[in-house]
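**Student:** Below are the structure tokens for one structure; questions will follow.
There are 2 protein chains.
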Amino acid sequence: MPDTEGHPEVNEIELVDVFAALADPLRLKVVRDLLAEPDGVERHCTSFGLPVSKSTRSHHFKVLREAGLIRQVDRGNSRMATLRRADLETRFPGLLSSLS
Amino acid sequence: MPDTEGHPEVNEIELVDVFAALADPLRLKVVRDLLAEPDGVERHCTSFGLPVSKSTRSHHFKVLREAGLIRQVDRGNSRMATLRRADLETRFPGLLSSLS
Numbered sequence: 001m002p003d004t005e006g007h008p009e010v011n012e013i014e015l016v017d018v019f020a021a022l023a024d025p026l027r028l029k030v031v032r033d034l035l036a037e038p039d040g041v042e043r044h045c046t047s048f049g050l051p052v053s054k055s056t057r058s059h060h061f062k063v064l065r066e067a068g069l070i071r072q073v074d075r076g077n078s079r080m081a082t083l084r085r086a087d088l089e090t091r092f093p094g095l096l097s098s099l100s
Numbered sequence: 101m102p103d104t105e106g107h108p109e110v111n112e113i114e115l116v117d118v119f120a121a122l123a124d125p126l127r128l129k130v131v132r133d134l135l136a137e138p139d140g141v142e143r144h145c146t147s148f149g150l151p152v153s154k155s156t157r158s159h160h161f162k163v164l165r166e167a168g169l170i171r172q173v174d175r176g177n178s179r180m181a182t183l184r185r186a187d188l189e190t191r192f193p194g195l196l197s198s199l200s
């Protein structure tokens, strides 16, 4: 069952949801930017420079989170995002590397 | 430029369009079914057993065709579909194998 933040467990990540999340240029950019970072890097949601309003940005991160692509954590006043690299590699081997 | 049937050339295939096409369980099934066949196999559009009307089926195949995932060819009265395996592997190495 997804946690209270809407993060699905590994075995709940569905390929159709992952593709729906990636079928948007801005969300795809976020995932590719995270993929270009070392594993485990946490980035602030504003650091991707998405040219959208705060509420639209929150929506995009929600889609990525609920699809299982990213994990969001609170660090003080900041909301940080990490790529669920190992989880995605376990569930759909090779998928992430095809994005880079 | 896409041909008259809407097939994009290899270098026109866009990842966002591929993901949008795969973000539907029936279209994903068609691609996975084709992927399970030997390379080059042509299948009739009705052979996938999609539980939808003829017009909806045509729509799904149009989305797959215009995204560059499949090629459709006429064989007499039949409309056949093949997976653009080599083109996709050239453009996005590893993507198809992550679906199987």
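From first to last, the protein sequence lines are chains E and U.
Start counting the first sequence at 1; every next residue gets the next number (my numbering).
Start counting the second sequence at 101; every next residue gets the next number (my numbering).
Note that CB positions come from ideal geometry on N, CA and C, so glycine has one too.
Are the beta-carbon atoms belonging to Leu128(U) and Val16(E) less than 8 Å from one another?
**Tutor:** Indexing the second sequence from 1 puts residue 128(U) at position 28. Indexing the first sequence from 1 puts residue 16(E) at position 16. Yes, the Cβ-Cβ distance between Leu128(U) and Val16(E) is below 8 Å.
**Student:** So, are the CB atoms of His107(U) and Arg171(U) less than 8 Å apart?
**Tutor:** The sequence position of residue 107(U) within the second sequence is 7, counting from 1. The sequence position of residue 171(U) within the second sequence is 71, counting from 1. Taking 8 Å as the Cβ cut-off, His107(U) and Arg171(U) qualify as a contacting pair.
**Student:** Give me, in chain order, the residues of the same chain whose beta-carbon lies closer than 7 Å to that of Leu35(E); leave out the 5 immediate sequence neighbours on both sides.
**Tutor:** Numbered from its first residue, the first sequence carries residue 35(E) at position 35. Cβ neighbours of Leu35(E) beyond the five flanking positions: Leu83, Leu96, Leu99 and Ser100.
**Student:** Run the CB neighbour count on Val173(U), radius 10 Å, all protein chains shown included, and call it buried at 16 or more, exposed below.
**Tutor:** Here the question's residue 173(U) lines up with position 73 in the second sequence. Val173(U) comes out exposed.
**Student:** Quick one: what's got a C-beta closer than 8 Å to Val130(U)'s C-beta in the same chain, skipping five residues either side?
**Tutor:** Within the second sequence, numbered from 1, the residue matching residue 130(U) stands at position 30. Once the five neighbours on either side are set aside, the close Cβ partners of Val130(U) are Phe148, Leu150, His160, Phe161, Leu164, Ile170 and Ala181.
**Student:** Under the rule that 16 or more other beta-carbon atoms within 10 Å means buried, what is Gly168(U), buried or exposed?
**Tutor:** As a first step, residue 168(U) must be located in the second sequence, where it is residue number 68. Classification for Gly168(U): buried.
**Student:** Per DSSP, what are the beta-bridge partners of Arg71(E) in this structure?
**Tutor:** Working through the first sequence from its first residue, we reach residue 71(E) at position 71. Thr82(E), per the DSSP bridge assignment.
**Student:** Using the C-alpha atoms, what's the distance from Glu66(E) back to Thr4(E)?
**Tutor:** Counting from one through the first sequence, the residue named residue 4(E) turns up at place 4. Counting from one through the first sequence, the residue named residue 66(E) turns up at place 66. Spanning the two alpha carbons is a distance of roughly 11 Å.
**Student:** Hey, how far is the Cα of Pro125(U) from the Cα of Gly76(E)?
**Tutor:** Mapped onto the second sequence, residue 125(U) falls at position 25. Mapped onto the first sequence, residue 76(E) falls at position 76. Answer to the nearest angstrom: the Cα atoms are 39 Å apart.
**Student:** Output the distance between the C-alpha atoms of Ala121(U) and Arg91(E), rounded to the nearest integer angstrom.
**Tutor:** Position 21 of the second sequence, counted from the start, is the residue given in the question as residue 121(U). Position 91 of the first sequence, counted from the start, is the residue given in the question as residue 91(E). Distance between the alpha carbons of Ala121(U) and Arg91(E) is about 20 Å.
**Student:** Run through the DSSP bridge pairs and tell me what His44(E) is partnered with.
**Tutor:** By one-based count along the first sequence, residue 44(E) stands at place 44. According to DSSP, which records beta bridges pairwise, His44(E) is partnered with Met80(E).
**Student:** Does the CB of Phe161(U) have a neighbour CB from chain E at under 8 Å?
**Tutor:** Within the second sequence, residue 161(U) is the residue found at index 61, counting from 1. No - not a single Cβ of chain E is within 8 Å of the one on Phe161(U).
**Student:** List the residues of chain E that Gly194(U) touches, going by C-beta distances under 7 Å, in chain order.
**Tutor:** As a working mapping, residue 194(U) is identified with position 94 in the second sequence. Those are Gly94, Ser97 and Ser98, listed as they occur along chain E.
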